[in-house]
Amino acid sequence: MSSARERILGKVRRGLGVPASRGPAAAHAAREQAYAAAASPRQPWDGDSVDRFCQRFEAWAGTWQRVPDASAIPAAVQPLLAEGDALAVAAHPLLQQLDWPQDLAREHRHPADCQLAVSVADAAIAETGTLVLCSGPQSPTTLELLPETHVVVLRTETILPDMEAVWRHLQPDPAFPARSINAISGPSRTADVEQTIQLGAHGPRRLHVLLLAPDPAP
Amino acid sequence: MQSRAREFPLRARQALDDQSLRQALAKAQDGFVGKRQTAIDAFPQFEALRDRGTAIKDHTLAYLDVYLEQFERAVQDAGGQVHWAESAEDAQDIVSDICRQAGASRVTKAKTMAGEEVGLNEALETAGFEAVETDLGEYIIQLAKEPPSHIIAPAVHKTRQQISDLFNTHHHGGRLQSALREVPELVDEARQRLREKFLTADVGITGANFLVAESGSIALVTNEGNADLTHTLPRVHIAIAGIEKLVPTLDDAACMLRLLARSATGQDTSTYTTFVTGPKRASDPDGPEAFHIVLLDNGRSRMLGNRYREMLRCIRCGACMNHCPVYGAVGGHAYGWVYPGPMGSVLTPLFTGLDGSRDLPNACTLNGRCQTVCPVRIPLPELLRDLRRQQFERGLAARRTRWGLAAWGLIARRPRLYHLLARLGVAVLGRLGKRKGAFRRLPLAAGWTASRDMPAPQGTTFQQLWKQRQKDAQS
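Those protein sequence lines, which keep their order, are chains A and B. Under our numbering, the first residue of the first sequence carries the number 2, and numbering increases by one thereafter. Under our numbering, the first residue of the second sequence carries the number 720, and numbering increases by one thereafter.
Following this line, the structure appears as structure tokens:
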């Protein structure tokens, strides 16, 4: 039986003038020869990756501060919570054993009913000032989208030069690629009304990074 | 979607008379052009980036069968389902069937041009589903019951006054007193309305900016985050994309994203860039239970075997229309189908037929700006010229145009006759127009002289001047 799949692939092959069952090997060799031997041009910058990230992230209307160690995270989050706000904290090992201002286990609300969420970034891109978060039990995507404020803990050693470097960093994980790999540059925005940029279109109105330096070597 | 490209002259005329449309277009074009230029000035190797983007797409298209199969396998390995749609009707049926099987009633949508192309909203509504657009611009035009007028800024033709009026009618039953509202207020109101839709939708439909063959991922870019809410919250995620959207690897996608964001909005990245691979995993706390991708042909495979293959490199950034004087004057709706501007003037005749869209390839001054800014170097003016040639050959051009061109062709192939007639014409017109220096009206050129005066020739032809110059140079 000729299915739509066979008919479309047939038309593609006829258009290209190639026989059926070309293997991937020829394509990969041709790709190497055509362009893949060299890397993609990228935005150049002076200085180190952490500074570059912070500067670009600010340009996207993101805010950031340094925290000396993980135990300082709840105190950094506290001023961002308004009276009566509910807090959602991702089930990440770095965040779980901390002393939070609310009893999270008891509260446990749907992210849509929380005003502030805290997650841990899997990586960041210095070139564009972008946080990278992979969906999974330690990092629900809904936490990045539904609350009005999103706080992201970013370990400085995971700030990488570009997206290609992020792929190298994530690929060894057997779960790679996660269902949703979210590269986020600043709070949600729209320019659909008269080209005027307005923050807080659908996602967070405020995106705040807590920069965590690596533990000093013992 | 039904093409109304046949009505181009009428709709272009109406657009030119619409003052608020012209205001909105002038503002938008200035913004897009300036922002793109700033972004490119800051990227020293942009020409090399364009070369690479062009090479990536050319290579992918040359091995499209291989990459389609690789993509299909990878999606299936990740637990997703792949559907193949030969036509718009196939795509409508596939999507409606998935929604029906999911027992859906409400469907949220993130802007998809492939979805517009196949008329997905009408099909879903006919099948009894509530389809809600979630991109703010797309939501605005859905309320206005209009098609998009720009591929990345669908409501670019709407002024703040018009949007205020639409929200007043649809959200407040026309009861609001103050007529013109501020941008933050409008955005906030849409946010609240749509948040409830996001949380209660059964199916989420997105497009895809790129399909990654090696991983079976789809790349989605937005600034609002609406695509992410659309694919994360409902039980079922359906993505629809043309078969030309493939790139071989995640690295290639990274390169293409650098081109896309700069060319589209002058950003160096969109606020949200997401790679979605399959449905929710066993240990995931959120995400859809099922993931479907609809691969749409709808005339694309036909373009692989001829010179229009180059058009399949298009990444739908909108730079060509942002830099087009014709689009800037008449806006997107005049073009009559989903894709406006230079890329639309090539795609509409190819997808919907040369006959019903004969004005589009001619609605072009051949100034070449679109080709200069195209991130994947599509020779749009050449393709438009080629479509004109096809129209001529098939006898589709207007009779006067065909006769005029035939007559000109006859003379232009006989240099002596051409020179003789040119000298004669220039001498006669030069003498007749000597006193006023210009003609307000000329026989056979009423269309040209309707909006400007024709300067009178000075009495010598170009060939005569050229000969004279060469003689002077020798002596």
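No residue lacks a Cβ here, since even glycine has one placed at the ideal position from N, Cα and C.
Exercise. Can you name, in chain order, every residue of its own chain whose Cβ lies under 7 Å from the Cβ of B/GLU849, other than the five neighbours on each side?
Worked result: SER824, ARG825 and VAL826
Exercise. How many Å lie between B/TYR782 and B/GLU788 at the Cα?
Worked result: 10 Å
Problem set entry | Beta-carbon proximity list for B/GLN742, same chain, < 8 Å, skipping 5 on both sides | THR878
Exercise. Whole-angstrom Cβ separation of B/GLU995 and B/SER936, contact assumed at under 8 Å?
Worked result: It is Val, not Glu, that sits at residue 995 of chain B in the sequence shown. The Cβ separation is near 6 Å, so the contact holds.
For this session: Please report the Cβ distance between B/LEU965 and B/PHE727, rounded to the nearest whole angstrom; I am assuming they are in contact, meaning their Cβ atoms lie under 8 Å.
Result: That pair is no contact at about 32 Å.
Exercise. Per the contact definition of three or more C-beta pairs closer than 8 Å, is the segment 12-20 of chain A in contact with the segment 946-959 of chain B?
Worked result: no
Exercise. If you draw a straight line from the C-alpha of B/ILE1034 to the C-alpha of B/ALA980, how long is it?
Worked result: 11 Å
For this session: Identify whether B/ILE870 lies in helix, strand or coil by the three-state DSSP scheme.
Result: coil
Problem set entry | Contact set for B/ALA1053: own chain, Cβ-Cβ below 7 Å, skip 5 residues either direction | PHE727, ARG730, ALA731 and ALA734
For this session: Check the Cβ-Cβ distances between A/THR197 and every residue of chain B, and say whether any is below 9 Å.
Result: yes
Exercise. Which stretch, first to last residue, makes up the alpha helix (DSSP H) that contains B/LEU729?
Worked result: 727-735
Exercise. Is the Cβ of A/HIS29 closer than 9 Å to any Cβ of chain B?
Worked result: yes
Problem set entry | For B/ASN1025, the nearest candidate out of B/GLY997, B/LEU780, B/VAL1145 and B/GLN911 (CA to CA) | B/LEU780
Problem set entry | Contacts of A/TRP61 in chain B (Cβ-Cβ under 8 Å) | THR990
For this session: Return no unless some Cβ of chain B is closer than 9 Å to the Cβ of A/LEU161.
Result: no
Exercise. Is it buried or exposed for A/ILE198, if we count other Cβ within 10 angstroms and need 16 for buried?
Worked result: exposed
Problem set entry | Own chain partners of B/GLU908 with C-beta closer than 8 Å, once the 5 adjacent residues on each side are dropped | PHE886 and HIS890
Problem set entry | Length-filtered (4 minimum) alpha helix (DSSP H) runs lying within the segment 891-944 of chain B | 902-919
Exercise. Which residues, in order along the segment 171-182 of chain A, keep a beta-carbon less than 8 Å from a beta-carbon of chain B?
Worked result: ALA176, PRO178, ALA179, ARG180, SER181 and ILE182
Exercise. Beta-carbon separation of A/ALA184 and A/THR150 under 9 Å?
Worked result: no
Exercise. Mind pulling the chain A residues with CB within less than 9 Å of B/PHE762?
Worked result: PRO42, ARG43, GLN44 and PRO45
Problem set entry | 6 Å CB neighbourhood of B/GLN1182 in its chain, flanking five on each side removed | HIS1138
Problem set entry | Start-to-end residues for the alpha helix (DSSP H) that takes in B/TRP1185 | 1181-1193
For this session: Provide the residue span of the beta strand (DSSP E) that contains A/GLN66, from first to last.
Result: 64-68
Exercise. Buried or exposed: where does B/TRP1185 fall if 16 or more other Cβ atoms within 10 Å of its Cβ makes it buried?
Worked result: exposed
Exercise. Do you know whose CA, among A/PRO45, A/GLY137 and A/GLU128, lies nearest A/GLU59's CA?
Worked result: A/GLU128
Problem set entry | Proximal residues of chain B, C-beta to C-beta of A/ARG53 below 7 Å | Within chain B, no residue comes near A/ARG53; the closest Cβ sits about 12 Å away, beyond 7 Å.
Exercise. Should the segment 1057-1066 of chain B be called in touch with the segment 865-877 of chain B, which here means at least 3 C-beta pairs below 8 Å?
Worked result: yes
Exercise. Quick one, are the C-beta atoms of A/GLY24 and B/VAL785 less than 9 Å apart?
Worked result: yes
Problem set entry | Simplified DSSP assignment, three categories, for B/THR951 | helix
Problem set entry | Test: B/MET1022 CB closer than 9 Å to a CB of chain A | yes
Problem set entry | Option nearest B/LEU839 by Cα separation, candidates B/SER806, B/ILE859, B/ALA821 and B/LEU855 | B/SER806
For this session: Have a look at the DSSP bridge pairing and note the partners of A/SER181.
Result: B/VAL995
Exercise. So what does DSSP say about B/HIS889, is it helix, strand or coil?
Worked result: helix
Problem set entry | Extent of the continuous beta strand (DSSP E) run through B/TRP803 | 800-804
Problem set entry | Alpha-carbon to alpha-carbon, A/ARG8 and A/MET2 | Confidence is the limiting factor: at A/MET2 the pLDDT is only 44, short of 50, which leaves the residue's position unreliable and the question unanswerable from this model.
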